[in-house]
Amino acid sequence: MKFALITGGSRGIGKAVSKKLAEDGMYVLINYRSNKEEAENTLEEIKASGGAGELLQFDVSKPEETERAFEVFSERHPENHIEILINNAGIRKDNLQVFMGDDEWNDVINTNLNSFFYITRRVLKDMLVNKFGRIINMVSLSGLKGMPGQTNYSAAKAGIIGATKALAQEIASKKVTVNAVAPGFIKTDMTAELDEKELKKMIPMRRFGKPEEVAELVSFLASEKSAYITGEVISVNGGIY
Ligand code: NDP
16 MKFALITGGS
26 RGIGKAVSKK
36 LAEDGMYVLI
46 NYRSNKEEAE
56 NTLEEIKASG
66 GAGELLQFDV
76 SKPEETERAF
86 EVFSERHPEN
96 HIEILINNAG
106 IRKDNLQVFM
116 GDDEWNDVIN
126 TNLNSFFYIT
136 RRVLKDMLVN
146 KFGRIINMVS
156 LSGLKGMPGQ
166 TNYSAAKAGI
176 IGATKALAQE
186 IASKKVTVNA
196 VAPGFIKTDM
206 TAELDEKELK
216 KMIPMRRFGK
226 PEEVAELVSF
236 LASEKSAYIT
246 GEVISVNGGI
256 Y
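Read in the working numbering, the sequence shown has 232 at position 217, and its numbers run on one by one without any break.
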């Protein structure tokens with residue numbers, strides 16, 4: 016069984032990804048920050064459908080906590096390593112740049128961008144030694160086109176897109192691929208307070224996407240079938256650019 020770590024795997028897109036990868040036969044490590052109940056629900060659903068996995072709580076924006084979580088993982092599973100990493104955990108703290116406070120900037124950069132560095136460097140060595148790995152980064156339409164009211168979030172996501180392309184070239188010869196998935200508007204808690212009726216007029220498919228529609232692409236990128244695809248950013252956005 017391959018081990019897959021899904022950060023923010025307890026709710027929304029991460030939950031759909033955790034369920035899909037478990038269905039694909041992977042042992043899923045479901046990370047979350049604080050909502051233990053939702054994380055436990057997700058794991059229960061996976062187990063009820065015959066999947067396997069466990070919870071791995073840590074705050075991805077905190078390097079010491081991240082490090083400790085990896086130590087816990089190694090103690091629990093000394094013979095195993097993570098072969099598939101889904102850097103999915105993310106937050107929004109929208110504000111116009113002129114009013115944006117330090118916390119709004121730093122929290123979004125630490126959670127959405129710096130976490131990529133802390134976590135990816137930790138799993139990379141085993142992937143390189145074993146000459147197999149899949150790293151999939153959840154970015155956003157905001158990181159591709161820039162979204163007003165989201166300079167912090169757009170900067171974080173654009174930063175990961177750059178890192179995806181750079182890292183892909185560093186490690187391609189070791190058969191470890193790095194790709195990014197860029198959702199548009201997907202129906203989750205993160206988009207719950209948006210005016211869906213108004214926003215969907217801008218989307219050529221005239222609807223928000225479902226988390227499961229993002230998970231299908233992640234499943235393909237995490238599989239052996241995607242071996243020759245690396246450094247790509249693939250959108251799942253109903254045609255909105
Ligand atoms: P949700 O708000 O529905 O879920 C967020 C998940 O991330 C939860 O599991 C949450 O855990 C976890 N999380 C948040 N902060 C941390 C942290 N510091 N450490 C560990 N876990 C954390 O988000 P979505 O599913 O909508 O978004 C998932 C990803 O997709 C994000 O990176 C987001 O930027 C991106 N995205 C989403 C879009 C959308 O329309 N929904 C569009 C484009 C991109 P807990 O429950 O414990 O808080």
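No residue lacks a Cβ here, since even glycine has one placed at the ideal position from N, Cα and C.
Let me know the secondary structure DSSP gives V123 once reduced to three states.
helix
In whole angstroms, what separates the C-alpha of T179 from that of M217?
28 Å
Closest by CA to K34, which one among T57, K190, T206?
Looking at the Cα atoms, T57 is the closest of the given residues.
If I measure Cβ to Cβ from S134 and keep anything under 8 Å in the same chain, skipping five residues before and after, which residues do I get?
Residue identity check: residue 134 is Ile in the sequence provided, not Ser. Only L20, T22, V75, T81, L100, N102 meet the Cβ criterion.
Pick out the complete beta strand (DSSP E) segments inside the region 56–94, 3 residues or longer, and give them in chain order.
Fully enclosed beta strand (DSSP E) runs of 3 or longer: 67–72.
Apart from the five residues on each side of it in sequence, which residues of its chain come closer than 8 Å, Cβ to Cβ, to A242?
K190, T192
Pick out whichever of M16, H96, G29, F18 has its Cα sitting closest to the Cα of E227.
G29
Is P254 near the ligand NDP, with its Cβ less than 8 Å from a heavy atom?
With the sequence shown as reference, residue 254 is identified as Gly, and Pro is not the correct amino acid for it. Answer for G254: no, Cβ out of range of the ligand NDP.
Backbone secondary structure at I244 - three-state DSSP:
Here I244 sits in coil by DSSP.
Measure how close the beta-carbons of A37 and A67 come, nearest whole angstrom, since I'm counting them as under 8 Å.
7 Å
Can we count V193 as close to the ligand NDP, meaning its CB is less than 8 Å from some heavy atom?
Closer than 8 Å to some heavy atom of the ligand NDP: that does not describe the Cβ of V193.
Confirm the yes/no value for this check: CB of P198, any heavy atom of the ligand NDP, distance under 8 Å.
Answer for P198: yes, Cβ within range of the ligand NDP.
Are three or more beta carbon pairs between the region 219–235 and the region 167–177 nearer than 8 Å?
no
6 Å Cβ shell around A183 - same chain, five flanking residues per side excluded
Around A183, the same chain offers V193, T245, G246 as residues with beta carbons nearer than 6 Å, after the five sequence neighbours per side are excluded.
I think G148 touches G199, with their Cβ atoms under 8 Å apart; what is that distance to the nearest whole Å?
At roughly 27 Å, the Cβ-Cβ gap does not stay under 8 Å, so G148 and G199 are not in contact.
Three-state secondary structure (DSSP) at A19?
strand
Under a Cβ-count criterion, where at least 16 other Cβ atoms within 10 Å of its own Cβ denotes burial, should G158 be classed as buried or exposed?
G158 should be labelled buried.
Out of curiosity, what's the CA-to-CA distance linking S188 and Y42?
26 Å
Option in K240, K160, V233 with minimal Cα separation from A150
The sequence given here places Ile at residue 150; Ala does not occur at that position. Closest option to I150, Cα to Cα, is V233.
Is the beta carbon of T206 within less than 8 Å of some heavy atom of the ligand NDP?
True, at least one ligand heavy atom lies under 8 Å from that Cβ.
Quick one: grab the DSSP three-state call for Y42.
strand
Can you tell me where the alpha helix (DSSP H) holding G158 begins and where it ends?
156–160
What residue does the alpha helix (DSSP H) around P226 start on, and which one ends it?
226–237
Would T197 and S238 be called neighbours here (beta carbons separated by less than 9 Å)?
Sequence inspection shows Ala at residue 197; the Thr mentioned does not correspond to that position. Cβ distance not < 9 Å, so A197 and S238 don't count as in contact.
So who's on the other strand from A171, going by DSSP bridges?
Looking at the DSSP assignment, A171 forms no beta bridge with any residue, so it has no partner.
Excluding the five sequence neighbours on either side, which residues of its own chain have a C-beta within less than 6 Å of the C-beta of H96, listed in chain order?
D141
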